[in-house]
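>
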Amino acid sequence: MLLDDFAARWWHGVKSTITTWDAAVDLLKRTYGPVKPPYRVYRELFASEQDLITPTDIFICKARGILSQLPANTLSESIQLDMVYGLLNRRMKEKIPRNEVETFTELLEKSRLAEEIFNETIYFEQNKTNTKKLRCSYCRTVGHSKGECDKLSTRPIVDTVPSTIESPVEFCMLNTDIKSNSIALRPRPIMYINILGLQGTGIIDTAAKESIAGQSLYNVMVAKGQTFKQDKIYVGLADGSTKLENVLITYVDVKIQGRVIPTRFIILTDAVNNSTLLGINFIQDARISVDVSNR
Numbered sequence: 036m037l038l039d040d041f042a043a044r045w046w047h048g049v050k051s052t053i054t055t056w057d058a059a060v061d062l063l064k065r066t067y068g069p070v071k072p073p074y075r076v077y078r079e080l081f082a083s084e085q086d087l088i089t090p091t092d093i094f095i096c097k098a099r100g101i102l103s104q105l106p107a108n109t110l111s112e113s114i115q116l117d118m119v120y121g122l123l124n125r126r127m128k129e130k131i132p133r134n135e136v137e138t139f140t141e142l143l144e145k146s147r148l149a150e151e152i153f154n155e156t157i158y159f160e161q162n163k164t165n166t167k168k169l170r171c172s173y174c175r176t177v178g179h180s181k182g183e184c185d186k187l188s189t190r191p192i193v194d195t196v197p198s199t200i201e202s203p204v205e206f207c208m209l210n211t212d213i214k215s216n217s218i219a220l221r222p223r224p225i226m227y228i229n230i231l232g233l234q235g236t237g238i239i240d241t242a243a244k245e246s247i248a249g250q251s252l253y254n255v256m257v258a259k260g261q262t263f264k265q266d267k268i269y270v271g272l273a274d275g276s277t278k279l280e281n282v283l284i285t286y287v288d289v290k291i292q293g294r295v296i297p298t299r300f301i302i303l304t305d306a307v308n309n310s311t312l313l314g315i316n317f318i319q320d321a322r323i324s325v326d327v328s329n330r
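Heads up, the sequence shown is in this note's numbering, so the first residue is 36 and it goes up one at a time.
1) Which residues does DSSP pair with GLN234 in a beta bridge?
2) Skipping 5 residues on each side, what residues in its chain have a beta carbon closer than 6 Å to that of GLN261?
3) Could you have a look at LEU313 and say whether DSSP puts it in helix, strand or coil?
4) Who pairs with ASP326 in a beta bridge, going by DSSP?
5) Do the segment 133 to 145 and the segment 89 to 97 make contact, defined as three or more Cβ pairs closer than 8 Å?
6) Starting from LYS97, trace the beta strand (DSSP E) in both directions and tell me its first and last residue.
7) Between ILE247 and ILE238, is the Cβ-Cβ spacing less than 8 Å?
8) To the nearest whole angstrom, what separates the beta carbons of LEU122 and ALA98, a pair I think is in contact under 8 Å?
9) So the beta strand (DSSP E) LEU303 belongs to, where does it begin and stop?
10) Within 10 angstroms of its Cβ, does GLN319 collect 16 or more other Cβ (buried), or is it exposed?
11) Residue range of the beta strand (DSSP E) that LEU279 falls in?
12) Restricting to Cα atoms, I'd like to know which of PHE139, ALA258, LYS244 and ILE301 is closest to ASP266.
13) Excluding the 5 residues preceding and the 5 following LEU315 in the sequence, name in chain order all residues of the same chain whose CB lies nearer than 6 Å to its CB.
14) With LYS259 and LEU231 assumed to form a contact (beta carbons below 8 Å), what rounded beta-carbon distance in angstroms separates them?
15) Alpha carbon to alpha carbon, how far is ARG125 from VAL307? Give it in angstroms, no decimals.
16) To test your reading of the DSSP string, which unbroken alpha helix (DSSP H) runs of 4 or more residues are found completely within the segment 105 to 154?
17) Note down, in chain order, each residue of its chain lying with its Cβ closer than 7 Å to the Cβ of TYR253, except the 5 sequence neighbours on either side.
18) At the level of alpha carbons, what is the spacing between VAL76 and ALA107?
19) PHE41: buried (16+ other C-beta within 10 angstroms of its C-beta) or exposed?
20) Looking at the unbroken alpha helix (DSSP H) that takes in LEU252, where does it start and where does it end?
21) Answer with yes or no whether the minimum CB distance from ILE101 to chain D is below 8 Å.
22) Specify the secondary structure class of ILE318 as computed by DSSP and reduced to three states.
23) Between the Cα of SER83 and those of PRO72, TYR120 and ARG299, spot the shortest distance and give me the residue it belongs to.
Structure follows, in structure tokens:
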């Protein structure tokens, strides 16, 4: 036994009066280990129950250490077992009924076996969760969730006082190349239209109340000398945040199957490589009924 600091000085002062090991241990207990009254021992024991982190064998060891401060033969092992068992967490008590253990040794053996089963179950569930690949429900790409999707977070949603604009579409001129990565697995509703004498395709989007001119259509309008009016509208993202932005507004005739539909288009000046949207204003003015399943 190694004593240091004040205990070492104390031992140098009393060692001449100690003749046996038992006497030394007894003197140490009486000097540095004052006996607690039973009510304080019980209060310390019942102050906390076992949580889901502390191993059962360690919890039982600490509880028995507290009970050892009682005078000898104060409580039988059966009563001590009842006290400690009542402090175990519910998960452990469900696996080990009280009537199946009669000693602390049996309780320790059964609790270790139960915890091994718990750990194996947790390990299996964690591996099963880790092997499941994340797939975004918005862009269908494997590797991230919808909440982490960059495409969704940058998707334009434009709100004006009379209308709301959301969801990008395409306007492809026939004399330009269409990149293969612009074709979705499920093609969106496409309609052949003519704007300013150039034939192209527009994609119908019933989720948008206004029509947006994409970058390619805007370039055509500028080349054809189309006039624009500056305005300010509230632009928001899919997360619900909005901000006031400067936009351009123009009116052009959209020709479709021999009919001419005057349509208002909004140009997002800060947008890059965006596509054209034919919104509800065009659909209603053209009296179009959209049947996606039979298009």
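We put the CB at the ideal spot given by N, CA and C, even for glycine.
Remember, predicted model here, so these are calculated numbers, not experimental data.
To lay it out plainly:
1) Position 199 of the sequence shown, counting from 1, holds the residue named residue 234. For GLN234, which the question treats as bridged, DSSP gives the partners ASN229.
2) What you label residue 261 is simply residue 226 of the sequence shown in a count that begins at 1. Exclusion of the five residues before and after GLN261 leaves THR285 as the residues of its chain whose Cβ lies within less than 6 Å of its Cβ.
3) Counting from 1 along the sequence shown, the entry for residue 313 is found at position 278. The three-state reading of DSSP puts LEU313 in strand, counting E and B together.
4) Here residue 326 refers to the residue found at position 291 when the sequence shown is read from its first residue. For ASP326, no pairing in a beta bridge is given by DSSP.
5) Yes, since at least three Cβ pairs between the segment 133 to 145 and the segment 89 to 97 fall closer than 8 Å, the two stretches touch.
6) Residue mapping note: residue 97 aligns to position 62 of the sequence shown, counting from 1. Run containing LYS97: none in the beta strand (DSSP E); it sits in the alpha helix (DSSP H), 91 to 102.
7) Here the question's residue 247 lines up with position 212 in the sequence shown. Here the question's residue 238 lines up with position 203 in the sequence shown. Going by C-beta atoms, ILE247 is not nearer than 8 Å to ILE238.
8) Taking the sequence shown and counting its residues from 1, one reaches residue 122 at position 87. Taking the sequence shown and counting its residues from 1, one reaches residue 98 at position 63. That belief holds up - the Cβ atoms of LEU122 and ALA98 are roughly 7 Å apart, short of 8 Å.
9) Position 268 of the sequence shown, counted from the start, is the residue given in the question as residue 303. First-last of the beta strand (DSSP E) with LEU303: 294 to 303.
10) Within the sequence shown, the letter at position 284 stands for residue 319. When all chains shown are included, GLN319 counts as exposed.
11) What you label residue 279 is simply residue 244 of the sequence shown in a count that begins at 1. Residue range 277 to 291 is occupied by the beta strand (DSSP E) that includes LEU279.
12) Looking up residue 266 in the sequence shown gives position 231. Sorting PHE139, ALA258, LYS244 and ILE301 by C-alpha distance to the C-alpha of ASP266 places ILE301 at the top.
13) Position 280 of the sequence shown, counting from 1, holds the residue named residue 315. In the sequence as presented, Leu is not what sits at residue 315; that position holds Ile. The beta carbon of ILE315 sits closer than 6 Å to the beta carbons of LYS244 from its chain, once the five residues preceding and following it are set aside; these are given in chain order.
14) Here residue 259 refers to the residue found at position 224 when the sequence shown is read from its first residue. Here residue 231 refers to the residue found at position 196 when the sequence shown is read from its first residue. Between LYS259 and LEU231, the beta carbon gap of about 5 Å places them in contact (Cβ cut-off 8 Å).
15) Start at 1 with the first residue of the sequence shown, and residue 307 comes out as number 272. Start at 1 with the first residue of the sequence shown, and residue 125 comes out as number 90. Rounded to whole angstroms, VAL307 to ARG125 spans 59 Å at the Cα level.
16) Runs of the alpha helix (DSSP H) inside the segment 105 to 154: 112 to 121 and 125 to 130.
17) Here residue 253 is taken as the residue at index 218 of the sequence shown, counted from 1. Apart from sequence neighbours up to five positions away, the residues of its chain that approach TYR253 with a beta-carbon distance below 7 Å are ILE302, ordered along the chain.
18) By one-based count along the sequence shown, residue 76 stands at place 41. By one-based count along the sequence shown, residue 107 stands at place 72. In a straight line, the C-alpha of VAL76 is about 13 Å away from that of ALA107.
19) Taking the sequence shown and counting its residues from 1, the one referred to as residue 41 is at position 6. PHE41 should be labelled exposed.
20) On the sequence shown, residue 252 is found 217 positions in, with the first residue counted as 1. Taken as a continuous stretch (DSSP letters only), the alpha helix (DSSP H) holding LEU252 covers 250 to 258.
21) Within the model displayed, chain D is absent; a lone protein chain is all it includes.
22) What you label residue 318 is simply residue 283 of the sequence shown in a count that begins at 1. Look at ILE318 here: in three-state DSSP terms it is helix.
23) What you label residue 83 is simply residue 48 of the sequence shown in a count that begins at 1. Of PRO72, TYR120 and ARG299, the residue nearest in Cα terms is TYR120.
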